[in-house]
Amino acid sequence: MQIMLILAHPKKGSFNHAIAERIHACIHQLGHSVWSHDLYEENFDAVYRFDHADQEDVLVQLHREQIRRCDGLIIVHPNWWGQPPAILKGWMDQVLVEDVAYGFDPDDNGSGVPTGLLHAEQALIINTSNTPLEREQSVFQDPLEMIWKNCVLYYCGIKNVERKVFRVIADSTYEDRTAWLAEAENLVQQYFK
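Sequential numbering of the sequence shown, starting at 1, is according to UniProt numbering.
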């Protein structure tokens with residue numbers, strides 16, 4: 001199995017980095033291959049420019065080719081204002097594009113429901129958050145759940161999407177983080193056997 005792992009956190013040594021490292025090792029232990037991308041380390045340009053559409057950079061092309069071919073997708077990022085970091089939104093805008101991640105019937109002008117083109121059958125999204133669960137659900141209604149499951153990956157053809165949130169990071173203990181890393185590994189083992 002070929003897994004694509006995307007990390008979107010700017011601070012080296014962050015808990016998001018620890019999660020991605022644990023997942024990367026777990027994928028190899030399972031005997032799978034991994035295409036691992038730290039968007040900040042790669043200096044992924046999050047700005048989509050229509051005037052350069054025919055001169056797209058090599059990194060965007062690489063990510064598009066890999067997303068087409070991967071059997072599973074794992075994305076690790078913090079919850080910032082109920083959204084992914086801007087670099088990850090820019091990644092979505094440039095990599096999950098028409099004729100790569102989705103398409104329309106020839107007689108559809110783009111206003112209809114797209115057909116998902118991705119080969120991956122499942123995705124695992126792991127978020128970190130400083131918002132307590134009760135406030136997330138009662139005040140914000142968990143926008144990341146809607147973004148990933150209903151607004152993005154479903155339309156790209158990935159119907160099996162699992163999302164896990166580790167919270168509250170700001171006051172977490174070493175024991176909390178150790179348990180969360182083990183849980184992340186267990187999720188990978190469960191979804192990518």
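Virtual Cβ for every residue (Gly too), placed ideally from N, Cα, C.
These numbers come from a predicted model, not from an experiment.
Buried versus exposed call for Pro84 [16 or more other C-beta atoms within 10 Å across all chains shown]:
buried
Whose CA, out of Met92, Arg167, Cys151, Asp107, lies closest to the CA of Glu134?
Arg167
Nearest by alpha-carbon distance to Asn43: which of Ile87, Ala25, Asn16 is it?
Ile87
Could you tell me the alpha carbon to alpha carbon distance between Asn150 and Gly157, rounded to whole angstroms?
11 Å
Inter-residue Cα distance where the pair is Gly110 and Ala20
35 Å
Thr115, buried or exposed, once every other Cβ within 10 Å from all chains shown has been counted against 16:
exposed
7 Å CB neighbourhood of Arg22 in its chain, flanking five on each side removed:
Leu181, Ala184, Glu185
Please classify Ser33: is it buried, with 16 or more other beta-carbons within 10 angstroms of its beta-carbon, or exposed?
exposed
Within 8 Å, strictly: CB atoms of Ser36 and His28
no
With H, G and I counted as helix, E and B as strand and the rest as coil, what does DSSP make of Arg167?
strand
Within the segment 54 to 97, ranges of the beta strand (DSSP E) (whole runs, at least 3 residues)
72 to 78
Residues near Leu59 in its chain [Cβ-Cβ closer than 7 Å; skip 5 each side]:
Glu42, Phe44
Are the beta-carbon atoms of Leu144 and Gly90 separated by less than 8 Å?
no
Would you mind working out which of Phe15, Gln66, Leu5 sits nearest Asp38, comparing C-alpha positions?
Leu5
Taking just the CA atoms, how far does Val113 sit from Thr128?
31 Å
Count the other C-beta atoms from every protein chain shown that fall within 10 angstroms of the C-beta of Ala179, then say buried if there are 16 or more, exposed otherwise.
exposed
When you compare only the Cα positions, how much space is there between Asn79 and Ala120?
24 Å
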